[in-house]
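Protein chains in written order, with our numbering: chain A, 25 to 662; chain B, 114 to 352; chain C, 219 to 470.
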């Protein structure tokens, strides 16, 4: 099997324009005849639902939350990048493109990333027109802040709630289209399977989480905008409900899963405080603009109050190791550095898993009120969770799983290898390579939803006239029956262990063996442990209640069952990639200074995995990454 | 699943739609409230003539009587205002009951003041008090002997309102009813006046606390002004 | 820590419910309220009792999904959502009553789970700026004074959790509606539709069966996003003016 990314010909900066000039169009009267199924209502889902509805398609949108406004995009804090160069600090589309490629450790597809950078400016225009209240200067023009991995200020923000405001923007556009009758919204509806008819994605199976009813929906194309799989680690900054089920089910129906091992560990989260903990809370990376990261130089000082540790006994390790980027070094590097100092025994706080993020200098330089203005809500949140006052005492932070760069494989049109199945936002693998830069996730979700897919969908749709499939096709019945059987199986195990205990155990395996640093031995161990755990899950799960009506344990059990298979795929991918790049750090492959050591000769490809059956190893399909414009370089932030 | 919302309604005249909407009804209560606050204020200013001596109060009463048909227009107007105030409050109340049929088992007043929560009760008590007041001094059926109090003013035989008030308030239970009724009125106004500014949209984050303070103070000033008369009579300051 | 819980249990939307008594044992003070319930649910599962069903998702105070009334107060003591409430705020051995959000327009679906689609329908009635992707002018072409953008942001911070209507003795949704009306109404981009927006959103709100505002300000007191009730005042004014315009035939 070979993969064709369908990248348009021509010079890099003309590809998107020439694509649009020649892309197939569907006339408005015909758009009305097409039903588009969209799963997920986050930035990518709601934006594409609204935009396709504006264009005239008939859209059905599904989300597992009780309202599309609650999708997890809402939790993004920091901001959204765009190459507007409003700051006149030398920014350009090319720089945003290059920073993103470099930030991704040269493991992303050039053409996609360039398109993303081109579109970034339109996104800001779109959001402002929608009423997103971005931060402004007194003169009324838009304000920007700097962010990790960039030397320009190109990040637009709305206090510490940028994701919320952008999502509410897409939600309002979606609401408008629902009101007009162009979108039919299904909330509390979880996608359980993909329906493939004659090789094309033509529908989905959905469980109504309120009534327990399992139904199928037919459409002319299916868009998965279902986010990432960070919850495979149990503890992550993702929402409780975030899961891999939709994309994993698509994988089991034949879609390729690309680069599953690329996970991003966010450097600034509140450290874990105990076993009971259900999630990790992220503190926006923007804090690193003004905070200085340090640990004591000597292990003996770790238990001391931070104010009692003199300046010369502190190790500002990011400033020391990366003088030009300092505290703004990219996420993977910052995270790994934190892990190193903690492994070295110099971590602070309970369990020694934490480093200080200190605002004393910034408060001295700018005054407390400026810091309060910039980060007030974050300080409040930190105080609420830990009971500590960060104006007086440095914050304690530690890395946590935050974003997953891997996802279903898609071509330039955002279509997977299953015709008709399109994948947008975090759910696809396309734009961030092995590591995502801060403030780029919002950019990608909105780019895919507002501008990319609405322009590329026509390519597929134009081939689908007169090929309508309805839900009476046998494939639908087969899918519904298999979902029903699976749900029944979960209910009838009647073992002794709760869903969460399995999830927690899986998470621990994944974090220890496939987390911030990985090695062959650990991954092999994980690959032995996960199938055993999975086996126990299917024989010893204790699940009370019935499949009819609300049963949140049942919902979680279905998701955990998929994580238990997916975790294995992640480890397999991590084991296959014998190099270190971005978020994937194999301890065997590092430079003498402890930096990631890429192997461009052997691993400059997208690893796309093809499902071959439950007890058969998946096969690896490679899409070589061809760089026409960029010269591969060792990433240096020194 | 989310069903499509209703289309903007066609049919009833917009003013009717406004009147029947939650905000419209509230606005009516607020506007009638303003009229009543103005009336209560004017009434008090008139009452103060008692401190200028019998002739002033009697002359003021005579002047009011001499308005003839205009007095009736004012009276009917006031009646309509009171009626509308009560009617719309009751409509709102009925809807509010339906909107929150189930109360919390562990209840907590959350922020609301006792004045705010007792607006209907204090309002109804005030209504009863007004009825008593009218029966007492206007219709003079509580003590029919009030009808026969007469005095001379500029050589004319007139109703001696001054004497009636002094006699009326000399009766301690009656004075206590007045003080009690006025107290309830004050509770009603101490939330009501501030509230009407909010309902009519004259507040913002800066002004609301100030308006609330000022209107509460105003309500209590009215209270002091009103009760000063029975208190003065009882203490013999006014004879 | 140890707590004595009184939890509302209800099988389905049509069935009646009642408070059940459970004990929460060995709760760390650093646990959040929802993590405390997770622990209780693990205990219940072990004992063969169906776990308590309650909504939550992001668990960082922004998605607006969690919706518990704790000791009679939506989201419990202190400012913030239920998920941002930590057990150290309670006394060891305290009795805690947990009920669903109550309002006629938020029917209980099971235990502590309520249906808040009424808020979605109010948004659909007018909580948007009609605009299509691709049609926007440059973002800096219309300057918006910082002070205006800041107040718009204050209003836009609403998380749509429904605590305002749940706290209101009248079950009124005015704070929620006024937040959106204020947010979009202040921005130059939203102004062309201001009158239409406020009319249709308020009408939809009434149609959903929410109560009327009696200026109790309980909504403001529980709002996790700190939306001030003065936005309601602005909406009252905007609604009445728009009604007058509509009545005298000024095109909206």
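Just so it is clear, CB atoms sit at the ideal spot from N, CA and C, and this is done for glycine as well.
Measuring straight from C-alpha to C-alpha, what distance separates residue i and residue j?
i, j, result
"residue 235 (chain A)", "residue 572 (chain A)", "6 Å"
"residue 122 (chain B)", "residue 95 (chain A)", "Confidence at residue 122 (chain B) is low in this model, with a pLDDT of 49, below 50, so its placement is unreliable and the value that follows should be read with caution. C-alpha separation (whole angstroms): 32 Å."
"residue 270 (chain A)", "residue 406 (chain A)", "33 Å"
"residue 402 (chain A)", "residue 278 (chain C)", "11 Å"
"residue 191 (chain B)", "residue 397 (chain C)", "37 Å"
"residue 98 (chain A)", "residue 252 (chain A)", "14 Å"
"residue 415 (chain C)", "residue 344 (chain C)", "5 Å"
"residue 88 (chain A)", "residue 166 (chain A)", "35 Å"
"residue 281 (chain C)", "residue 275 (chain C)", "7 Å"
"residue 335 (chain B)", "residue 226 (chain C)", "47 Å"
"residue 361 (chain A)", "residue 420 (chain C)", "54 Å"
"residue 171 (chain B)", "residue 263 (chain B)", "10 Å"
"residue 420 (chain A)", "residue 373 (chain A)", "7 Å"
"residue 287 (chain A)", "residue 430 (chain A)", "7 Å"
"residue 371 (chain A)", "residue 332 (chain A)", "16 Å"
"residue 75 (chain B)", "residue 331 (chain C)", "Residue 75 (chain B) is absent from the model: chain B starts at 114 and stops at 352."
"residue 443 (chain C)", "residue 391 (chain A)", "26 Å"
"residue 444 (chain A)", "residue 225 (chain A)", "5 Å"
"residue 121 (chain A)", "residue 495 (chain A)", "43 Å"
"residue 638 (chain A)", "residue 353 (chain C)", "48 Å"
"residue 357 (chain A)", "residue 239 (chain C)", "50 Å"
Could you check whether residue j and residue i sit closer than 8 Å to each other, using their CB atoms as the reference points?
i, j, result
"residue 316 (chain A)", "residue 346 (chain A)", "no"
"residue 285 (chain C)", "residue 319 (chain C)", "yes"
"residue 219 (chain A)", "residue 503 (chain A)", "yes"
"residue 164 (chain A)", "residue 361 (chain C)", "yes"
"residue 213 (chain B)", "residue 231 (chain C)", "no"
"residue 157 (chain A)", "residue 401 (chain C)", "yes"
"residue 339 (chain B)", "residue 167 (chain B)", "no"
"residue 63 (chain A)", "residue 215 (chain A)", "yes"
"residue 446 (chain A)", "residue 132 (chain A)", "no"
"residue 229 (chain B)", "residue 390 (chain C)", "no"
"residue 432 (chain A)", "residue 306 (chain A)", "no"
"residue 186 (chain A)", "residue 104 (chain A)", "yes"
"residue 375 (chain A)", "residue 67 (chain A)", "no"
"residue 351 (chain C)", "residue 475 (chain A)", "yes"
"residue 529 (chain A)", "residue 557 (chain A)", "yes"
Can you check DSSP and say which residues form a bridge with residue i?
i, result
"residue 173 (chain C)", "Summary: the structure shown does not reach residue 173 (chain C), with chain C confined to residues 219 through 470, and so no result is reported for it."
"residue 250 (chain C)", "C:304"
"residue 474 (chain C)", "Only positions 219 to 470 of chain C appear in this structure, which leaves residue 474 (chain C) out of reach."
"residue 232 (chain A)", "A:213"
"residue 272 (chain B)", "B:263"
"residue 218 (chain A)", "A:228"
"residue 431 (chain A)", "A:282"
"residue 166 (chain A)", "A:160"
"residue 318 (chain C)", "C:286"
"residue 240 (chain A)", "A:229"
Any Cβ of chain E within less than 8 Å of the Cβ of residue i?
i, result
"residue 333 (chain A)", "The displayed structure is made up of protein chains A, B and C, and chain E is not among them."
Alpha helix (DSSP H) runs wholly inside the stretch 448-511 of chain A, at least 4 long, in chain order: If only uninterrupted alpha helix (DSSP H) runs of at least 4 residues are considered, those enclosed by the stretch 448-511 of chain A are 465-470 and 477-485.
Chain C contacts from the stretch 255-270 of chain A (Cβ-Cβ distance under 7 Å): Legend: CB atoms of the stretch 255-270 of chain A lying less than 7 Å from CB atoms of chain C belong to residues 263, 264 and 265.
Near-chain B residues of the stretch 266-281 of chain C (beta-carbon distance less than 8 Å), N- to C-terminal order: So the list is empty, because no residue satisfies the distance condition.
Segments assigned alpha helix (DSSP H), at least 4 residues, entirely inside the stretch 347-404 of chain A: Secondary structure remark: continuous alpha helix (DSSP H) runs of at least 4 residues inside the stretch 347-404 of chain A, in chain order: 355-367 and 384-390.
Contacting positions in the stretch 473-494 of chain A - beta carbon closer than 9 Å to chain C: Along the stretch 473-494 of chain A, going in chain order, the ones with a CB nearer than 9 Å to a CB of chain C are 473, 474, 475 and 478.
Interfacial residues, the stretch 552-581 of chain A to chain C, with Cβ spacing under 7 Å: Listed by position along the chain: 566, 568, 569, 573, 574, 576 and 577.
Short-range partners of chain A found in the stretch 367-378 of chain C, where Cβ spacing is below 7 Å: Under the 7 Å Cβ criterion, the stretch 367-378 of chain C contributes 367, 370, 371, 374, 375 and 378.
Contacting positions in the stretch 236-259 of chain C - beta carbon closer than 9 Å to chain B: Correct list: 237.
Proximal residues, the stretch 136-169 of chain A versus chain C, C-beta separation under 9 Å: Result list: 145, 146, 148, 149, 150, 151, 152, 153, 154, 155, 156, 157, 158, 159, 160, 161, 162, 163, 164, 165, 166 and 167.
Residues in the stretch 300-317 of chain C having any Cβ partner in chain A nearer than 8 Å: Listed in chain order, the positions of the stretch 300-317 of chain C with a beta carbon within less than 8 Å of a beta carbon of chain A are 302, 304 and 306.
Complete runs of the alpha helix (DSSP H) confined to the stretch 249-305 of chain A [at least 4 residues]: Counting only runs of 4 or more residues that sit fully inside the stretch 249-305 of chain A, the alpha helix (DSSP H) segments are 269-276, in chain order.
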